[in-house]
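At position 173 of the sequence shown (counting the first as 1) the number is 173 in my numbering, and the numbers step up by one without a gap.
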Amino acid sequence: MKNTVLFAVLLFVACCYISCKKHEPSENGILCRYILIDERLGDRYRHFLIEVTDSGLMKVSMGLLRDEFYSEILYEDSVMNGTLSKYDVFSEVGDCKQRQLTETELEQVKVCVAKTANLEPCNVFIEMGFKDAFEIVAIIGEKKYAYVDVPYEELTTLLNILLDLSPIDIRKKYSLPLEFTTVEEALKRGDFFHESYLNNVRRKSWWERTKGWFE
């Protein structure tokens, strides 16, 4: 009888722990982070860091990239995704604003973040050294996506929502509509992409992902 009661108590404690663990905030409390980099016009402060915490605090900073920033995204293995998020992105901050998202807005962001769960990380900067384009680094949980043209529709949707909610009007700062589209949509428009870029960011079929098992 005592063993049965003890087992029941331990089972209850275990269930409580799992329930609490499930609702713990992500590591460092950041739900998602986007870094928008614009080197096209030589403006020192045309770079933005967008952060949303698990509690719904949205912080947007505009600043000057650290000298080490490019070496980190160029030479860091794309599967080591969490590392970049632990660094300070800017050496100087020109502007910084924040706002508390409403419950509805936060839920909207969380739904979009959840849809990225099965996306494979990508880092096109490793193979192709971009430094004169509009570049994006997205860090979601333990995954990192570094790209020029958006590789996944889910990342497009999330970024457009973050731009809508931003306390700084990023679209106005860039004097552009900044409605991002995917690589697949750009290909349909006739845009050209280097083959190595397409190989890095396009979705792979089941056979492409598993054919190495049979070699």
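Glycine is no exception: its CB is placed at the ideal position from the N, C-alpha and C atoms.
Residue i classed as buried or exposed, judged by whether at least 16 other C-beta atoms fall within 10 angstroms
i: Val111; result: exposed
i: Glu51; result: buried
i: Thr53; result: buried
i: Thr104; result: exposed
i: Ala117; result: exposed
i: Ser78; result: Note on Ser78: pLDDT 43, under 50, position unreliable in the model; the coordinate value appears next. Buried, because 16 or more other Cβ atoms sit within 10 Å of the Cβ of Ser78.
i: Arg33; result: buried
i: Ser91; result: exposed
i: Arg189; result: exposed
i: Lys97; result: exposed
i: Ser55; result: exposed
i: Thr102; result: exposed
i: Glu135; result: buried
i: Glu154; result: buried
i: Val124; result: buried
Reference residue i, options the options, closest by Cα
i: Arg171; options: Gly29, Gly56 and Val60; result: Val60
i: Ile30; options: Leu119, Tyr152, Val113 and Asn118; result: Val113
i: Leu187; options: Arg66, Gln100 and Pro151; result: Pro151
i: Phe69; options: Arg99, Gln100 and Ile37; result: Ile37
i: Lys143; options: Leu119, Leu106, Val89 and Leu64; result: Leu119
i: Lys115; options: Leu158, Ile139 and Val93; result: Leu158
Beta bridge counterpart(s) of residue i as assigned by DSSP
i: Phe134; result: Asp38
i: Arg33; result: Glu51 and Ile139
i: Asn123; result: Ala146
i: Phe90; result: Leu65
i: Val109; result: DSSP output for Val109 lists no bridge partner at all.
For residue j and residue i, believed in contact at Cβ under 8 Å, the rounded distance
i: Val109; j: Ile161; result: 6 Å
i: Met58; j: Phe48; result: Going by Cβ atoms, the distance from Met58 to Phe48 rounds to 12 Å, so no, they are not a contact pair.
i: Tyr145; j: Pro121; result: 6 Å
Chain B within 8 Å of residue i, Cβ atoms only
i: Gly56; result: Going by chain labels, chain B is absent from the structure shown, which holds only one protein chain.
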